[in-house]
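Asker: Just dropping this structure here.
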Amino acid sequence: MSLSTIVIVFIIISVLISFAIGANDETMATIYGSRTLKMREILILAVIFAILGAFILGGSVSETVGKDLLFFSIGNSVVLTILISTAIWLIISSIFGLPISTTHATIGSIIGVGLLLGGGGGVNWLTILEMGLWWLLSPLIGFIVTYFAYKLIHKSIINKLSGFRNYEKAERIFSYILLVVICWTAFSRAGNDCSNAVGIVAGLDVNLDLILLIAGLSFASGIVIIGRGVIKNVGTITELHPSTAFASEIPTAIILFFGTLLGIPLSGSHMLVASLVGLSKARRAPMSKGLWKILMIWLLTFPVAAILSVILYFPIDIFI
Amino acid sequence: MKLFKADKNELLEISEEYLAQTLKGAKILHDLVMLFTDNKLNKADLEQVIESEHQCDILKEKYTEVLFKEKRALPFLVEDRYKILMNIDQINDKTEYFARFLQTYPFELYDDITDEFKALCEHCMKTVESLINCATLIETDFESAYAKTFEIEATRRKARKARFHLLEEIFKKTEEPTRVYLTSKIVTIIYDIAHWAEEVSDFLRGLIIKYPSR
Numbered sequence: 047m048s049l050s051t052i053v054i055v056f057i058i059i060s061v062l063i064s065f066a067i068g069a070n071d072e073t074m075a076t077i078y079g080s081r082t083l084k085m086r087e088i089l090i091l092a093v094i095f096a097i098l099g100a101f102i103l104g105g106s107v108s109e110t111v112g113k114d115l116l117f118f119s120i121g122n123s124v125v126l127t128i129l130i131s132t133a134i135w136l137i138i139s140s141i142f143g144l145p146i147s148t149t150h151a152t153i154g155s156i157i158g159v160g161l162l163l164g165g166g167g168g169v170n171w172l173t174i175l176e177m178g179l180w181w182l183l184s185p186l187i188g189f190i191v192t193y194f195a196y197k198l199i200h201k202s203i204i205n206k207l208s209g210f211r212n213y214e215k216a217e218r219i220f221s222y223i224l225l226v227v228i229c230w231t232a233f234s235r236a237g238n239d240c241s242n243a244v245g246i247v248a249g250l251d252v253n254l255d256l257i258l259l260i261a262g263l264s265f266a267s268g269i270v271i272i273g274r275g276v277i278k279n280v281g282t283i284t285e286l287h288p289s290t291a292f293a294s295e296i297p298t299a300i301i302l303f304f305g306t307l308l309g310i311p312l313s314g315s316h317m318l319v320a321s322l323v324g325l326s327k328a329r330r331a332p333m334s335k336g337l338w339k340i341l342m343i344w345l346l347t348f349p350v351a352a353i354l355s356v357i358l359y360f361p362i363d364i365f366i
Numbered sequence: 002m003k004l005f006k007a008d009k010n011e012l013l014e015i016s017e018e019y020l021a022q023t024l025k026g027a028k029i030l031h032d033l034v035m036l037f038t039d040n041k042l043n044k045a046d047l048e049q050v051i052e053s054e055h056q057c058d059i060l061k062e063k064y065t066e067v068l069f070k071e072k073r074a075l076p077f078l079v080e081d082r083y084k085i086l087m088n089i090d091q092i093n094d095k096t097e098y099f100a101r102f103l104q105t106y107p108f109e110l111y112d113d114i115t116d117e118f119k120a121l122c123e124h125c126m127k128t129v130e131s132l133i134n135c136a137t138l139i140e141t142d143f144e145s146a147y148a149k150t151f152e153i154e155a156t157r158r159k160a161r162k163a164r165f166h167l168l169e170e171i172f173k174k175t176e177e178p179t180r181v182y183l184t185s186k187i188v189t190i191i192y193d194i195a196h197w198a199e200e201v202s203d204f205l206r207g208l209i210i211k212y213p214s215r
């Protein structure tokens with residue numbers, strides 16, 4: 047296969063994986079859950095910020111994911127295996143409306159193919175460990191910060207309101223702030239996630255800006271075409287109002303933004319779901335019965351992505 | 002985006018108009034019942050109560066139309082306001098039912114129960130008045146609205162006492178069983194208004210408790 051053909055194949059695969067990531071994007075879930083905007087309006091916003099985020103912020107994390115995880119030189123078949131196995135697992139979970147961490151799926155695939163080809167020494171375990179620490183910490187921070195953010199907002203604002211009109215006024219203000227926070231999250235999230243799609247392509251001789259733009263467009267298509275199920279599922283984990291949705295979005299937005307700037311591949315899905323669980327605990331409100339499915343698919347993501355990459359590597363290698 | 006439109010005011014305006022119309026209907030009925038107890042009622046005037054209920058229905062339909070056309074931000078408030086309106090609508094239905102029943106009632110009220118019956122009507126009117134006040138206050142002042150719900154409860158207790166006392170007096174009568182039966186029905190139907198007003202006030206109290214702990 048010629049080099050240009052390989053580049054085209056890689057770009058197509060990147061477009062597919064971007065689509066799969068978009069399909070699994072749940073950033074707008076709290077806006078849906080709090081019924082601040084209609085789904086049509088949510089999708090328009092999602093498209094705008096997905097494209098902007100991918101294009102403007104996408105470059106930073108790409109380098110971490112693409113270059114630091116494997117010690118051996120990355121061949122074309124390895125890149126394709128990682129991308130395809132990640133995309134498959136993302137699409138499967140999106141079809142069921144379950145949010146998973148794209149980063150986890152990608153890293154799982156990298157570990158799988160790394161172990162297959164390089165054994166224990168083929169994978170940069172130190173970086174994986176460092177990332178693992180962030181993956182554990184970010185949902186924990188999301189849970190704790192949301193828990194206390196809700197308590198604070200409730201005690202200092204909500205509890206002091208009297209009468210429907212005051213509630214209405216306060217919640218309306220929260221709606222506006224929530225919109226800003228969500229757009230900010232969508233922007234940084236698109237940068238973080240699209241980098242996973244194009245990260246390994248970054249090692250090839252291609253125009254990264256163009257690839258990021260294409261990835262952003264594809265990401266947006268994923269949200270519009272099959273992303274609604276995930277948005278609806280996450281948005282209904284617990285009952286949301288603009289003020290409570292705001293409390294759950296703060297940690298996700300802040301941590302994701304700084305994570306993206308620092309090049310740390312964080313899991314926005316885990317953080318948001320953990321924030322919603324924290325919110326539910328703080329309010330002593332019931333949670334969706336489908337939460338166990340989300341937790342189950344999180345646990346399955348690493349091993350399944352790794353196994354998929356192991357299974358796919360040889361057929362892809364023969365094809366290439 | 003409709004989020005930025007001031008689409009809530011129309012709902013509030015209709016709701017305020019609706020509450021005012023409900024109170025107006027109840028007052029008309031109250032005045033007519035007072036005339037009835039003095040045997041001065043012109044039954045054709047009861048049509049005013051029926052017309053008032055009809056006006057409330059028109060406002061209710063308008064409210065529902067706006068609600069489902071513009072339904073969006075802060076749905077928990079929209080839903081709760083809608084429930085309040087629907088509950089208060091039962092008051093209108095009950096006043097209309099009472100007016101229609103009174104139109105067909107073929108007797109005069111027993112003289113010996115007139116005062117107690119007037120007292121029952123006063124209690125019923127007071128519960129409706131307090132309920133409308135409470136539904137208005139819930140918009141701006143939870144504490145006052147909360148206090149109002151207890152006023153309604155206390156007045157309903159007085160109404161219940163009057164109702165059973167009236168029934169006791171009515172059932173003592175041995176002649177004209179049809180008159181006895183229909184008069185007892187009148188007492189029960191008018192008491193139902195106070196009873197329902199208290200049910201709605203319980204619902205409002207629940208909302209007042211729910212909101213700060215959302």
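Protein chains in written order, with the numbering used here: chain A, 47 to 366; chain X, 2 to 215. Even glycine gets a Cβ: it sits at the ideal position worked out from N, Cα and C.
(1) Would you say X/D142 lies against chain A (beta-carbon separation less than 8 Å)?
(2) Would a check of beta-carbon distances place X/L132 closer than 8 Å to chain A?
(3) Is there a C-beta anywhere in chain A that falls below 8 Å from the one on X/F194?
(4) Establish whether the CB of X/F77 and some CB of chain A are separated by less than 8 Å.
(5) Can you pull the chain A neighbours of X/I139, defined as C-beta to C-beta under 8 Å?
(6) DSSP three-state call for A/T82: helix, strand or coil?
(7) Taking the alpha helix (DSSP H) that A/S147 falls in, what are its first and last residues?
(8) Which residue or residues does DSSP assign as beta-bridge partners of A/M333?
(9) A/Y196 and A/A293: beta carbons closer than 8 Å?
(10) Take A/L62 and list the residues in its own chain whose beta-carbon comes closer than 7 Å to its own, dropping the five residues that flank it on each side.
(11) Since A/L115 contacts A/T173 with CB under 8 Å, what's their CB separation in whole angstroms?
(12) Given that a residue counts as buried once 16 or more other Cβ atoms are within 10 Å of its Cβ, and exposed if not, what is A/L322?
(13) Between A/V107 and A/A232, what straight-line distance do the alpha-carbon atoms span, to the nearest angstrom?
(14) Could you check which residue in X/L42, X/E169 and X/E199 has the C-alpha nearest to that of X/I29?
(15) What residue range is occupied by the uninterrupted alpha helix (DSSP H) comprising A/L259?
(16) Considering only DSSP beta bridges, list what A/V169 is partnered with.
(17) State yes or no: is the C-beta of A/L224 within less than 8 Å of the C-beta of A/A320?
(18) Let me know the secondary structure DSSP gives X/C122 once reduced to three states.
(19) Counting contacts by CB-CB distance shorter than 8 Å, is A/H287 in contact with chain X?
(20) So if I threshold CB-CB distances at 9 Å, which residues from the region 211-239 of chain A count as touching chain X?
(21) Please classify X/K149 as buried or exposed, where buried requires at least 16 other C-beta atoms within 10 Å of its C-beta.
(22) Shorter than 8 Å from the beta carbon of X/Y212 to some beta carbon of chain A?
(23) Grab me the residues of A/A352's own chain with a C-beta within less than 6 Å of its C-beta, minus the 5 sequence neighbours each way, in chain order.
(24) Is X/G26 helix, strand or coil by DSSP?
(25) At which residues does the alpha helix (DSSP H) containing X/G207 begin and terminate?
(26) DSSP three-state label for X/L42, please.
(27) Rounded to the nearest angstrom, what separates X/F99 and A/S139 at their Cα positions?
(28) If you run the structure through DSSP and keep just helix, strand and coil, what is A/P349?
(29) Going straight from the alpha carbon of A/T308 to that of A/S315, what length do you get?
(30) If you drop the 5 nearest sequence neighbours on each side, which residues of the same chain put their C-beta closer than 7 Å to that of X/L47?
(31) Can you give me the C-alpha to C-alpha distance between A/I57 and A/H287, rounded to a whole angstrom?
(32) What span of residues does the alpha helix (DSSP H) with X/S145 cover, start to end?
(33) Have a look at A/I301, A/K215 and A/I97 and flag the residue whose alpha-carbon is nearest the alpha-carbon of X/L78.
Answerer: Reading it off the structure:
(1) Translated into the one-based positions of the second sequence, residue 142 of chain X becomes position 141. By this cut-off, X/D142 is an interface position.
(2) Residue mapping note: residue 132 of chain X aligns to position 131 of the second sequence, counting from 1. Output row for X/L132: interface = no.
(3) Along the second sequence, one-based indexing puts residue 194 of chain X at 193. Sequence inspection shows Ile at residue 194 of chain X; the Phe mentioned does not correspond to that position. For X/I194, the nearest beta carbon of chain A is not closer than 8 Å to its own beta carbon.
(4) By 1-based counting over the second sequence, the position of residue 77 of chain X is 76. Proximity of X/F77 to chain A, defined by a Cβ-Cβ separation below 8 Å, is satisfied.
(5) Along the second sequence, read from residue 1 onward, the residue named residue 139 of chain X stands at position 138. Per Cβ cutoff of 8 Å: G209 and F210.
(6) One-based indexing of the first sequence puts residue 82 of chain A at position 36. The answer is coil: DSSP assigns A/T82 none of H, G, I, E or B.
(7) Locating residue 147 of chain A in the first sequence gives position 101, counting from the first residue. Note, A/S147: premise wrong, no alpha helix (DSSP H); not H, not E.
(8) Mapped onto the first sequence, residue 333 of chain A falls at position 287. In the DSSP output, where bridge partners are listed per residue, A/M333 has A/T284.
(9) As a first step, residue 196 of chain A must be located in the first sequence, where it is residue number 150. As a first step, residue 293 of chain A must be located in the first sequence, where it is residue number 247. Remark: C-beta atoms of A/Y196 and A/A293 approach each other more closely than 8 Å.
(10) Numbered from 1 along the first sequence, position 16 holds the residue referred to as residue 62 of chain A. Annotation for A/L62: A133 place their beta carbon closer than 7 Å to its own, counting only its chain and skipping 5 residues before and after.
(11) The residue labelled residue 115 of chain A in the question sits at position 69 within the first sequence. The residue labelled residue 173 of chain A in the question sits at position 127 within the first sequence. Cβ-Cβ separation between A/L115 and A/T173: approximately 6 Å, consistent with a contact (criterion under 8 Å).
(12) Residue mapping note: residue 322 of chain A aligns to position 276 of the first sequence, counting from 1. By the neighbour-count rule (16 or more Cβ atoms within 10 Å), A/L322 is buried.
(13) By 1-based counting over the first sequence, the position of residue 107 of chain A is 61. By 1-based counting over the first sequence, the position of residue 232 of chain A is 186. Per-residue confidence for A/V107 stands at a pLDDT of 47, beneath the threshold of 50, marking its modelled position as unreliable; the derived number appears in the next sentence. Approximately 16 Å, taken between the alpha carbons.
(14) As a position in the second sequence, residue 29 of chain X is number 28, starting the count at 1. X/I29 has its Cα closest to that of X/L42, out of X/L42, X/E169 and X/E199.
(15) Position 213 of the first sequence, counted from the first residue, corresponds to residue 259 of chain A. For A/L259, the enclosing alpha helix (DSSP H) covers residues L254 to I272.
(16) As a working mapping, residue 169 of chain A is identified with position 123 in the first sequence. Here A/V169 is bridged, per DSSP, to A/L116.
(17) In the first sequence, counting from the first residue as 1, residue 224 of chain A sits at position 178. In the first sequence, counting from the first residue as 1, residue 320 of chain A sits at position 274. Not in contact: A/L224 and A/A320 (Cβ atoms no closer than 8 Å).
(18) As a first step, residue 122 of chain X must be located in the second sequence, where it is residue number 121. Residue state, collapsed to three classes: helix.
(19) Taking the first residue of the first sequence as position 1, residue 287 of chain A is located at position 241. Yes, because at least one Cβ of chain X sits closer than 8 Å to the Cβ of A/H287.
(20) With the criterion set as a beta carbon lying under 9 Å from some beta carbon of chain X, the members of the region 211-239 of chain A are R211, N212, Y213, E214, E217, R218, S221, Y222 and L225, in sequence order.
(21) If you number the second sequence from 1, residue 149 of chain X lands on position 148. Counting Cβ neighbours within 10 Å, X/K149 comes out buried, since at least 16 surround it.
(22) Here residue 212 of chain X refers to the residue found at position 211 when the second sequence is read from its first residue. Flagged as an interface residue toward chain A: X/Y212, by a C-beta distance shorter than 8 Å.
(23) In the first sequence, counting from the first residue as 1, residue 352 of chain A sits at position 306. The beta carbon of A/A352 lies closer than 6 Å to those of G154, I157 and G158 in the same chain, with the five residues before and after it left out.
(24) Against the second sequence, residue 26 of chain X aligns to sequence position 25. Helix.
(25) The residue labelled residue 207 of chain X in the question sits at position 206 within the second sequence. Per DSSP, X/G207 belongs to the alpha helix (DSSP H) from P178 to K211.
(26) As a first step, residue 42 of chain X must be located in the second sequence, where it is residue number 41. For X/L42, the secondary structure class from DSSP, reduced to helix, strand or coil, is coil.
(27) Residue mapping note: residue 99 of chain X aligns to position 98 of the second sequence, counting from 1. Residue mapping note: residue 139 of chain A aligns to position 93 of the first sequence, counting from 1. Cα to Cα, X/F99 sits roughly 60 Å from A/S139.
(28) On the first sequence, residue 349 of chain A is found 303 positions in, with the first residue counted as 1. The answer is helix: DSSP assigns A/P349 an H, G or I state.
(29) As a position in the first sequence, residue 308 of chain A is number 262, starting the count at 1. As a position in the first sequence, residue 315 of chain A is number 269, starting the count at 1. The sequence shown places Leu at residue 308 of chain A, rather than the Thr named in the question. Their backbone Cα atoms lie some 19 Å apart in a straight line.
(30) Position 46 of the second sequence, counting from 1, holds the residue named residue 47 of chain X. Result list for X/L47: L33, A100, L103 and Q104, in chain order.
(31) One-based indexing of the first sequence puts residue 57 of chain A at position 11. One-based indexing of the first sequence puts residue 287 of chain A at position 241. A/I57 and A/H287: Cα-Cα distance of roughly 41 Å.
(32) As a first step, residue 145 of chain X is located in the second sequence; it is residue number 144 there, counting from the start. Unbroken alpha helix (DSSP H) run through X/S145: F143 to F172.
(33) Here residue 78 of chain X refers to the residue found at position 77 when the second sequence is read from its first residue. Out of A/I301, A/K215 and A/I97, A/K215 has the C-alpha closest to the C-alpha of X/L78.
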